[in-house]
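Be aware that the sequence shown starts at 2, since it is given in the working numbering, and climbs by one per residue. Just so it is clear, CB atoms sit at the ideal spot from N, CA and C, and this is done for glycine as well.
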Amino acid sequence: MRLETLHALLSGPGQDLLARAAREYDGSDALALGSRLRRRHDPDLVAAALSQLELRRKATAKFGDDATRMYFTPEALEQATPSTVAEHRARRLAASGRTSLVDLGCGIGSDLVAAARAGLHVTGVERDPLRAGLAQANLAALTLPGRVRVGSAEDTDLSEFDLVFADPARRDVRGRVFDPAAYSPPWGFVEGLLASRTTCVKISPAIPHRLVPTGVEAEWVSDRGEVKEAALWSGSLAGTKRRATLLPGGATLAATGARAATAPVGAVLYEPDGAVIRAGLVGELAEQLGACLLDSRIAYLTAEQAVETPFARRYAVVEQLPYREKQLRAALRARDVGTLTIKKRGVDISPETLRRRLALRGSRSATIVLTRAGDAATALLVERA
């Protein structure tokens with residue numbers, strides 16, 4: 002979509018077209034709807050309107066009911082922060098007691114929306130004029146205050162703001178960028194923000210721990226078991242060295258330096274949430290649960306007594322089965338297993354290939370965990386607690 006097309010959609014006739022298209026659109030016959038609309042409206046505008054309706058349908062997973070009023074491009078929607086994560090971050094920013102926030106690289110404004118709703122006075126800065134226009138349109142569509150400027154993070158005067166949020170671009174024309182020095186703005190600029198301002202920086206959850214500056218908190222966030230992103234917090238926003246946060250609910254686990262011992266397979270198996278693993282907090286979780294690692298290099302925990310926790314999936318260990326394929330097949334067939342869920346860590350095996358080779362035909366379902374316990378590979382028959 003071009004910026005001119007966005008302006009046309011935001012005009013009176015464009016809004017009338019969107020409203021009519023929304024009333025008649027059910028996602029099943031967009032071609033027929035497009036043909037009807039083009040009889041009275043500009044074909045390019047009709048195409049843009051129908052594209053927005055489809056994007057709004059897809060955006061519901063990220064933005065809920067807000068999506069029905071917002072504006073997107075496909076790439077910007079893919080990169081936008083889900084509302085659950087943005088709202089969690091906005092609550093932390095607002096709790097600082099500071100009031101004015103600049104969002105450097107605001108994209109289509111998902112973080113601006115959450116921050117404005119949290120009571121912050123928000124300003125977005127975005128180098129792409131179309132995305133800046135989308136961000137301003139989204140604030141207006143949701144009747145939220147705030148302004149958006151076209152410009153670069155590096156050239157923005159930060160003196161009028163007491164909070165900085167930055168979302169460095171991690172894609173270029175060739176695709177995803179993995180080298181922080183190639184981010185836009187680059188990592189050196191990000192480090193400068195973290196050292197000199199009260200700042201939160203959205204970052205890839207794959208960030209190496211060694212890149213986190215001293216005195217900065219690194220927080221990994223998962224939503225319903227899926228790791229979404231990491232954020233770096235500096236100044237008064239930093240509360241610990243590393244943190245894992247689970248949404249919804251906001252349960253957090255902070256770094257204490259705890260280390261986990263290893264032990265043989267017990268009656269209970271814990272599979273830590275991805276945010277706990279990314280944050281390097283398996284030792285802290287083990288201490289909380291009274292659990293041990295099966296293997297010092299693999300993030301499975303075991304214990305004799307079960308403890309409720311939001312930070313891990315918990316399984317009852319039914320039996321330790323032979324790891325060799327022939328004996329494993331015989332053991333599973335003896336239990337009349339036909340539908341098999343295979344989980345694995347620390348072993349070089351394809352679950353899909355193994356499932357096909359086992360050729361199970363029974364009537365029962367089962368879950369096995371393929372991993373290492375001490376120096377040996379093992380297969381654990383487990384049941385979800």
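Cα-Cα separation between residue i and residue j, rounded to whole angstroms
i	j	result
Asp180	Gly240	27 Å
Leu94	Pro14	39 Å
Ala307	Ser366	23 Å
Ala377	Val338	25 Å
Leu4	Phe190	29 Å
Thr354	Glu227	25 Å
Leu113	Leu10	22 Å
Asp168	Cys107	7 Å
Arg334	Lys327	11 Å
Arg39	Arg362	55 Å
Ala33	Val47	12 Å
Gly152	Ile109	14 Å
Arg211	Asp296	24 Å
Thr6	Leu194	35 Å
Ala68	Tyr271	37 Å
Val277	Ala292	15 Å
Collapsed DSSP secondary structure at residue i in the structure displayed
i	result
Ala374	strand
Glu220	strand
Ile299	strand
Arg315	strand
Gly125	strand
Ala170	strand
Val266	coil
Glu309	coil
Ile278	helix
Ala380	strand
Val283	helix
Lys327	helix
Gly291	coil
Leu212	helix
Pro273	strand
Leu361	coil
Gly35	helix
Glu55	helix
Glu192	helix
Arg177	strand
Asp66	helix
Thr6	helix
Exposure of residue i, with buried meaning 16 or more beta-carbon neighbours within 10 Å
i	result
Arg58	exposed
Asp104	buried
Arg132	buried
Arg279	buried
Pro83	buried
Glu25	exposed
Ile350	exposed
Phe148	First, the amino acid is wrong: residue 148 is Arg here, not Phe. Classification of Arg148: exposed, given that the 10 Å Cβ count is below 16.
Glu127	buried
Ala60	buried
Gln16	exposed
Ser111	buried
Gly134	buried
Gly65	exposed
Glu320	exposed
Beta carbon of residue i nearer than 8 Å to that of residue j
i	j	result
Thr310	Leu290	yes
Pro388	Ala374	Examination of residue 388 is not possible in this model, given that the chain is present from 2 through 386 alone.
Lys203	Ala232	yes
Ala256	Glu285	yes
Ala300	Pro273	yes
Glu220	Thr199	no
Cys201	Phe166	yes
Arg99	Leu140	no
Leu54	Ala23	yes
Arg225	Tyr316	no
His42	Leu19	no
Gly281	Arg243	yes
Thr303	Gly250	no
Leu1	Arg330	Outside the modelled stretch of the chain, which goes from 2 to 386, sits residue 1, for which no answer is possible.
Ser237	Ser97	yes
Cβ-heavy atom distance, residue i to the ligand ATP, below 7 Å
i	result
Asp296	The ligand ATP is not among the ligands present in this structure, which contains no ligands whatsoever.
Cβ separation of residue i and residue j, assumed to be a contact under 8 Å, to the nearest whole Å
i	j	result
Ser197	Val217	Not a contact, Cβ separation roughly 12 Å.
Ala154	Pro186	5 Å
Leu102	Leu121	5 Å
Ala138	Tyr72	5 Å
Arg298	Gly347	7 Å
Glu192	Pro214	6 Å
Leu145	Arg118	7 Å
Val269	Glu305	7 Å
8 Å Cβ cutoff, residue i in contact with chain B
i	result
Thr368	Judged by its chain identifiers, the structure shown contains no chain B, having just a single protein chain.
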